[in-house]
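Numbering (the working numbering), first residue to last: 134 to 222.
Note that beta-carbon positions come from the ideal geometry of N, C-alpha and C, so glycine has one too.
Computed from a prediction, not measured in an experiment: that's the story for all the values here.
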Amino acid sequence: MMDRHYTNECIRKVLELSRDMLMLADDGDAAREDVGCGILYGTIRDSAYKIRALAEAEMLAHKRKGRGDPGDIEPLVRTSTHEDKNNID
């Protein structure tokens, strides 16, 4: 069985990745020159929200099972400059 701290660290990395994806989508969308770029960055943004929701749900499942560490889900995922219109709750 995998070490719970390593497993939770991997999930934290997924949350960081989703944050980075949101920031990339924001930057790319601000600099886009055509509709194709808008579709690309919109797809990245949608994927980031879905990935984030899955990672947060898994982290909460770990906490419910007593395998989570205090503070596992940090506000690092709320850094996108765009409104959280596609949040999956």
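Query raised in the report: With 16 as the cutoff for other CB atoms within 10 Å, does GLU189 come out buried or exposed?
Result: buried
Query raised in the report: Closer than 7 Å: is that where the CB of SER151 sits relative to any heavy atom of the ligand HEM?
Result: Among the components of this structure there are no ligands whatsoever, and the ligand HEM is therefore not found.
Query raised in the report: Just checking my contact of ALA186 with ALA158 at CB under 8 Å: how many whole Å lie between their CB atoms?
Result: ALA186 to ALA158, Cβ: 16 Å. No contact.
**Report entry** Pair within 8 Å by beta-carbon distance, GLY171 and ASP162
**Finding:** yes
Query raised in the report: Would you call THR212 buried or exposed, if buried means 16 or more other Cβ atoms sit within 10 Å of its Cβ?
Result: Only weak support is given to the placement of THR212: the predicted model assigns it a pLDDT of 46, under 50, and the value that follows is read from those uncertain coordinates. Result: exposed.
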